[in-house]
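Comments concern the structure below.
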Amino acid sequence: MKQTTEPPIDRIILIGLMGAGKSSIGRRLSDVLDMPLVDLDDYIVEKAGMSIPAIFERLGEAEFRRLESEALREVVGRRAVIATGGGIVMAEENRELLKKYPPVIWLKASPEFLAARIDGDNNRPLIAAGDTLNKLKILAEQRYPLYEACADLVVPREFLKKKEIVQMILRFLSSRKGS
Ligand code: S3P
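The sequence shown begins at 7 in the numbering used here and counts up by one.
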């Protein structure tokens, strides 16, 4: 039987603005590392029994944020690849938790790159009313410093192919093991 001396990876948490590819990169990592994927938005949807737009419309954004923090607390200790929603870094409580559970990986991309990917997406209430690029610029201004503060690794999302991003993350994980 093949013996390995490498310790198992406990978790990987992906952060970044909407459209950065947290779920799709998360899926690839989960396949390569043979770890479960927890998509935090999907987790919230399942628990609440309604879609993200329905939660925003019926319960309001503040309640969505409460559910989001609760979901993070519930899953953060699992051995999993965790793809978070873009707003996870807004609450201080969430940022504190993220810092306790490295590695946190920021998929960094410009509002222009992201707007081209998600414009017209009905499943994202924060951009549902249009003016996607401007909204993303405002979110980027608010959130970039917060992503930066939580991240152990910053991945230049728009300059790399998904395959290269996965390789970069895997290299980062092996370098951490040696440290
Ligand atoms: C949000 C991002 C969404 C989702 C919700 C709010 C945000 O997740 O959690 O619509 O505040 O940026 P994605 O980043 O997966 O789109």
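Each residue gets a CB set at the ideal place from its N, CA and C atoms; glycine is no exception.
Quick one: does the C-beta of residue 131 sit closer than 7 Å to a heavy atom of the ligand S3P? Mapped onto the sequence shown, residue 131 falls at position 125. Correct: residue 131 has its Cβ closer than 7 Å to the ligand S3P.
Is it buried or exposed for residue 111, if we count other Cβ within 10 angstroms and need 16 for buried? Your numbering for residue 111 matches position 105 in the sequence shown. Residue 111 comes out buried.
Between the CA atoms of residue 65 and residue 161 - distance to the nearest angstrom: The residue given as residue 161 occupies position 155 in the sequence shown. The residue given as residue 65 occupies position 59 in the sequence shown. Cα to Cα, residue 161 sits roughly 34 Å from residue 65.
Reduced DSSP category for residue 130 - H, G, I as helix; E, B as strand; rest coil: As a working note, residue 130 is residue 124 in the sequence shown. Looking at residue 130 - three-state DSSP - the assignment turns out to be coil, as it is neither helix nor strand.
Tell me the start and end of each unbroken alpha helix (DSSP H) in the stretch 49-128 that is at least 4 residues and wholly inside, in chain order. You should have 67-81, 98-106 and 117-124.
Proximity test, residue 28 beta-carbon vs the ligand S3P heavy atom, cut-off 7 Å: Residue 28 sits at position 22 when you count from the first residue of the sequence shown. Flag set: Cβ of residue 28 near the ligand S3P.
Would you be able to state if there are at least three C-beta pairs under 8 Å between the stretch 84-96 and the stretch 21-31? yes
Verify the contact flag: residue 91, CB atom, against every heavy atom of the ligand S3P, threshold strictly below 7 Å. Translated into positions along the sequence shown, residue 91 becomes position 85. Flag set: Cβ of residue 91 near the ligand S3P.
Would the beta-carbon of residue 174 be found less than 7 Å away from any heavy atom of the ligand S3P? Against the sequence shown, residue 174 aligns to sequence position 168. Because no heavy atom of the ligand S3P lies under 7 Å away, the Cβ of residue 174 does not count as near it: no.
Alpha carbon of residue 85 to alpha carbon of residue 179, nearest angstrom: In the sequence shown, residue 85 corresponds to position 79, counting from 1. In the sequence shown, residue 179 corresponds to position 173, counting from 1. Distance between the alpha carbons of residue 85 and residue 179 is about 14 Å.
By DSSP's criteria, residue 42 is part of a beta bridge. Which residues make up the other side? For the purposes of this step, residue 42 is identified with residue 36 of the sequence shown, where counting begins at 1. The partner list for residue 42 (beta bridge, DSSP) is empty, contrary to what the question assumes.
How close, in whole Å, do the beta carbons of residue 107 and residue 17 come, if the pair is a contact with beta carbons under 8 Å? Counted from its first residue, the sequence shown places residue 107 at position 101. Counted from its first residue, the sequence shown places residue 17 at position 11. Confirmed, about 6 Å.
May I ask you to list the residues that DSSP assigns as paired with residue 159? Taking the first residue of the sequence shown as position 1, residue 159 is located at position 153. The partner list for residue 159 (beta bridge, DSSP) reads 111.
Less than 8 Å between the CB atoms is what I'm expecting for residue 130 and residue 27, so what's the real figure, rounded? The residue you call residue 130 lines up with position 124 of the sequence shown. The residue you call residue 27 lines up with position 21 of the sequence shown. Contact doesn't hold; Cβ gap of about 14 Å is too wide.
Tell me whether the stretch 130-144 and the stretch 37-56 touch, counting them as touching only if at least three CB pairs, one residue from each stretch, are closer than 8 Å. no
DSSP state of residue 15 mapped onto helix, strand, coil: Translated into the one-based positions of the sequence shown, residue 15 becomes position 9. Correct three-state label for residue 15: coil.
Beta-bridge partners of residue 21, as assigned by DSSP: Mapped onto the sequence shown, residue 21 falls at position 15. Residue 21 is bridged to 112.
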